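Enquirer: If you read the sequences in order, they're chains A and B. When the letters of the first sequence are read in order and numbered with this note's numbering, they come out as residues 1 to 378. When the letters of the second sequence are read in order and numbered with this note's numbering, they come out as residues 1001 to 1383. Glycine included, C-beta positions come from ideal geometry on N, C-alpha and C. All values derive from a computational prediction rather than experimental measurement. Handing you this structure, nothing more for now.
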Amino acid sequence: MSFQGSQPVAIVATAQTQWRSSWSQAQHIDLIAAAVQNALKGSGLDIRDVDFVIDSGSDVLDGRSISNCGFLGAMGAHHKEESRVEDDGLWAAQYGVAKIASGSAQVGLIIAYSKPSESDVRQFYLTMADPFIQRPVGLDQDSACGLQAQRYLHTHQLTPADLAEVTVAAWRKASSNPTVELDQVPTVSQVLASPPVATPLTQAMMARPVDGAVVIILANAHVARRVSTDPVWIRGMGAAMDSSVFAKRDAQLDVCRQAAQKAYARAGLSPEQMDLAETSAASAAAELMTLEALGLAQPGKAIDLFRKGRDASINASGGALPANPIMATGLVRLSEAALALWGQRGSAAKSSRRAVVHASSGIAAQSHCVFVVEVERS
Amino acid sequence: MSRVAIIGVGQTHHQRRRADVNVPGLVREAAQRALADARLEMSDIDSVVVASGPVLFAAVNQPEKWVVDALGARGKPVVRITSGGGTGFAGALAAYYQVAGGQADRVLVVAYDKLSEGALQASISSLYDPFWGREFAVGIMGFSAAYWRARMDKLGHTEEAAARVVVKNLGNALRNPYAHVRKTVTVDDVLNSAPLAWPIKLLDVPPISDGAAAVVLTREELVARHTDSPAFIRGIAYCAEADNAPQRSMLLSEPLAHAARVVYRASGITNPRRQLDVVEVQEPYSCFELSYYESLGLCRPGGAAELIASGATGMGGDIPVNPSGGCLGANPIGAAGLIRLIEAAMQVSGRAGEHQVPGARLAAAQTGGGWANLRGLAVVSAD
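What follows is the structure in structure tokens.
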């Protein structure tokens, strides 16, 4: 096989189901099929145009070995090339971009889904810890995020009330996002008074697991220019993973910074040129740390974005705190960035051209993936 | 117009149980061997792909996040690909596109399973639909036996033909230093071994192994810096068949036939029997090797029993299949698909040692996973 070099790749369509704390009346295949059908609808493409499917999901959350096998029909993968990336869907998108960039495929479906309501989320994270050293002492997502948050607050002389402020801002933004099921936006005092998880974090400061599915359709330039008036071009990507040993990691999500620097360098753009940011964080503290690692604020200063009301462009969808479909969260961020750049997510975003999109995975954000995307504006 | 090449390979010596290493140790062993083979250090690697069987085999969720330290890959992109039995091959496919798509120059793929530590058939049983398939599923064996039985009726895939596959592969495994089963058997031994799910008998079944395998891929322009015996990937594909497709017959593997069409076209193969020098297939039971002969076009549908009986797929034949001994020689499931690719690469680069097919230049590596509905193929060549 010979390749055409590194070809441009764009997002031409996307769809999400609603994100609910529980989709008790729908199976995985129902959620996946709904998202796939809605992404294709009106895209100018049908399933016969799709060359391959890359999907993200978790055998552990699904309670099923090789769970992609059971969903191939719903994913539209029959007689197509299919692969499962067992990490957040943004890594699946990275795989899909490579496949199209190589010149060997034109159109790909990227699918991520989650149904944590049927599973034990604490066990999902606890079983990520190595069985010999960290698991026996109970290191899990909650305890690790608590330690991470405590260190961050201490280093930068912030308080739990600052984290509550970030949480309220996220939920307020989610309340105007039609795809997030939401009862009410909590107040700062309600966030602080919610059950303690791991000092200084309360339950409300942790990302809320939700059920649903998201689909992105990627295409090469030839197809993208024919089916879309406004393709969202993938300009740069980067990924990096930190040590599994929590105590060995640095305090500032340095691997997130490395992933972001690679993505910006590939795009030939700087953080200052980003109009929008969509990030995935497991806690309100991790959201601040992520914004800093992405170069959108100085260390310890991300809270100023919220205090000065300059956070409209930060997680305008609400981000991961109100809606965290584990394994799909990062791909939802990419979907939300595309919708915002297309002017489908409120008036503020209509003049936006560029977005930085972030996914994290593992206990206390061990691994990171960053995309820089752009639309052409005449 | 860059192509992708395999510039380093490594395997562990597969065994029933490796009590001397844990999972990260096993993974590191294969990775170090592949890096040394490519004359590289971990610092030269841009990206790492980890592939292993279903997480339920080993009870560590997202194990790539555990093995990252043992690999020395902290700070690099590390992603895990899973695809049941074909996962090692699927990992190589992902790495292939990282190189071909310009994301990375040198990618390490490491695939493994440490099956001595988990409840294998119980984990496999959980792949069936929880509402209508799981209550009558006993691992993958009953399902495979039912389709072998159908192939016996329709295609003449007799018990004797499958027994000949066992005799051939175990004979070949004796010459492969990495294989873990070391015994000579006769057709009668296989036919007289204990029935497990008729027509599958004990000797038709591969062993359960602990093992890991690794490769380093790069683009054509960089090959000469690392090796003078590369293997170029001429074509590679891994295709799916929806489990609920009503027209699914499974007498011949449609996804494999589909992958073969794509890969043969890319690699200029119009007559696989004549053009290919050697083939490695991933046979989860002996009977599957017969099915693959037909889907790969090594013989006509219904011709597999005759092909194995003729000796053509033996070491002295015109189209040797599984000189390594295949899965019957060693079966660390998550690594098995990558081992097929490694063996094909070693054959075309003339480095297969005692099980070398003389003068091999063009080889195919077949893989499979899931509910017999994920099937892949690659063709590699010396130039």
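Select from A:Lys80, A:Ser56, A:Gln94 and A:Gln157 the residue whose C-alpha is nearest the C-alpha of valine 373 of chain A.
Expert: That would be A:Gln94, whose Cα lies nearest to the Cα of valine 373 of chain A.
Enquirer: When you check each C-beta in the segment 1087–1120 of chain B against every C-beta of chain A, which residues fall closer than 8 Å?
Expert: Hits within the stretch, in order: Ala1090, Leu1093, Ala1094, Tyr1097, Gln1098, Ala1100, Gly1101, Gly1102 and Gln1103.
Enquirer: Using the C-alpha atoms, what's the distance from aspartate 1113 of chain B back to asparagine 1331 of chain B?
Expert: Taking the straight line joining both Cα atoms gives about 9 Å.
Enquirer: For chain B, find out if any of its Cβ atoms is closer than 9 Å to the Cβ of valine 12 of chain A; answer yes or no.
Expert: It does not; no Cβ of chain B falls within 9 Å.
Enquirer: Quick one: residues in its chain with C-beta nearer than 6 Å to the C-beta of leucine 163 of chain A, no 5 flanking neighbours on either side, listed in chain order?
Expert: Excluding positions up to five away in sequence, the list reads Met205, Ala284 and Ala285.
Enquirer: Listed from N- to C-terminal order along the chain, which residues in the segment 123–146 of chain A have their beta-carbon within a distance smaller than 7 Å of any beta-carbon of chain B?
Expert: Flagged, chain order: Phe124, Thr127, Met128, Asp130 and Pro131.
Enquirer: Can you tell me the Cα-Cα spacing of leucine 147 of chain A and valine 137 of chain A, whole angstroms?
Expert: Cα to Cα, the separation comes out at about 14 Å.
Enquirer: Since I believe arginine 1033 of chain B is in contact with alanine 1214 of chain B (beta carbons under 8 Å), could you give me their beta-carbon distance rounded to a whole number of angstroms?
Expert: Sure, about 7 Å apart at Cβ, within 8 Å.
Enquirer: Would you kindly work out how many angstroms separate the C-alpha atoms of glutamine 106 of chain A and tryptophan 233 of chain A, rounded to a whole number?
Expert: Roughly 14 Å between the two C-alpha positions.
Enquirer: Leaving out the 5 sequence neighbours to the left and right, which residues in its chain are closer than 6 Å to alanine 1360 of chain B when beta-carbon positions are compared?
Expert: Closer than 6 Å at Cβ, skipping near neighbours: Asp1277, Val1278, Gln1347 and Val1348.
Enquirer: Tell me, please, whether the CB atom of glutamine 1347 of chain B is closer than 9 Å to any CB atom in chain A?
Expert: Chain A contact via Cβ: absent.
Enquirer: Taking C-beta pairs closer than 9 Å, name the residues in chain A that glycine 1000 of chain B reaches, listed in chain order.
Expert: Residue 1000 of chain B falls outside the range modelled here, since chain B spans only 1001 to 1383, and no answer is possible.
Enquirer: Anyone know if the C-beta pair for aspartate 55 of chain A and valine 85 of chain A falls short of 9 Å?
Expert: Yes. Within cutoff.
Enquirer: Check whether the segment 1223–1238 of chain B touches the segment 1259–1275 of chain B, counting contact only when three or more Cβ pairs, one atom from each stretch, lie closer than 8 Å.
Expert: The segment 1223–1238 of chain B vs the segment 1259–1275 of chain B: in contact.
Enquirer: Which chain A residues are close to asparagine 1061 of chain B, counting only those with a beta carbon under 7 Å from its beta carbon?
Expert: Under the 7 Å cutoff, chain A gives Val60, Phe124, Thr127 and Met128.
Enquirer: Three-state secondary structure (DSSP) at tyrosine 1238 of chain B?
Expert: In this structure, tyrosine 1238 of chain B counts as strand in the three-state DSSP scheme.
Enquirer: Give a yes or no on whether the minimum CB-CB distance between alanine 1240 of chain B and chain A is below 9 Å.
Expert: Cβ-Cβ to chain A under 9 Å: yes for alanine 1240 of chain B.
Enquirer: Measure the C-alpha to C-alpha separation of methionine 1001 of chain B and alanine 98 of chain A and round it to an integer number of angstroms.
Expert: At methionine 1001 of chain B the pLDDT is 45, less than 50, meaning the model places this residue with poor confidence and gives no usable figure here.
Enquirer: Taking proline 1230 of chain B as the reference, give the member of B:Ser1310, B:Ser1144 and B:Asp1383 with the closest Cα.
Expert: Taking only the C-alpha atoms, the option nearest proline 1230 of chain B is B:Asp1383.
Enquirer: Figure out for me which residue from A:Arg48, A:Val188, A:Leu321 and A:Ile133 has the closest Cα to the Cα of proline 160 of chain A.
Expert: Out of A:Arg48, A:Val188, A:Leu321 and A:Ile133, A:Val188 has the C-alpha closest to the C-alpha of proline 160 of chain A.
Enquirer: Could one say the Cβ of isoleucine 111 of chain A lies closer than 9 Å to chain B's Cβ atoms, at least one of them?
Expert: For isoleucine 111 of chain A, the answer is no, since every Cβ of chain B falls outside 9 Å of its Cβ.
Enquirer: Under a Cβ-count criterion, where at least 16 other Cβ atoms within 10 Å of its own Cβ denotes burial, should histidine 1013 of chain B be classed as buried or exposed?
Expert: Exposed.
Enquirer: Just to confirm before moving on: does the CB-CB distance between alanine 277 of chain A and alanine 355 of chain A stay below 9 Å?
Expert: Contact flag set, yes.
Enquirer: Can you find a C-beta in chain B that's less than 9 Å from the C-beta of tryptophan 91 of chain A?
Expert: Yes, contact with chain B.
Enquirer: Does alanine 260 of chain A get closer than 9 Å to chain B when you measure Cβ to Cβ?
Expert: So no, alanine 260 of chain A is outside the interface.
Enquirer: Could you tell me how far apart the beta carbons of serine 1209 of chain B and lysine 1201 of chain B are, in whole angstroms, since I believe they sit closer than 8 Å?
Expert: With 8 Å as the limit, serine 1209 of chain B and lysine 1201 of chain B do not qualify as a contact, their Cβ atoms being about 20 Å apart.
Enquirer: Answer with buried or exposed for phenylalanine 132 of chain A, where buried requires no fewer than 16 other C-beta atoms within 10 angstroms of its C-beta.
Expert: Flag for phenylalanine 132 of chain A reads exposed.
Enquirer: With DSSP run on the structure shown, which of helix, strand or coil describes serine 1381 of chain B?
Expert: Strand.
Enquirer: For aspartate 120 of chain A, go through chain B and note every residue whose CB falls closer than 9 Å to its CB, in chain order.
Expert: Chain B residues near aspartate 120 of chain A: none, gap ~12 Å exceeds 9 Å.
Enquirer: Can you list the residues of chain A that proline 1054 of chain B reaches, using a CB-CB cut of under 7 Å?
Expert: Correct list: Asp59, Ser65 and Ile66.
Enquirer: Who are the Cβ neighbours of proline 209 of chain A in its own chain at under 8 Å, not counting the five residues just before and after it?
Expert: The answer, listed in chain order, is Ser21, Ser114, Pro116, Ser117, Val121, Asn324, Pro325 and Ile326.
Enquirer: Please confirm whether alanine 340 of chain A has its beta-carbon closer than 9 Å to some beta-carbon of chain B.
Expert: No, no contact with chain B.
Enquirer: Given 8 Å as the limit, is there contact between the segment 1317–1324 of chain B and the segment 1275–1294 of chain B, that is, 3 or more CB pairs closer than that?
Expert: Touching, per the Cβ criterion.
Enquirer: Does the contact criterion of 3 or more C-beta pairs under 8 Å hold for the segment 70–84 of chain A versus the segment 1239–1258 of chain B?
Expert: Output reads yes: the segment 1239–1258 of chain B touches the segment 70–84 of chain A.
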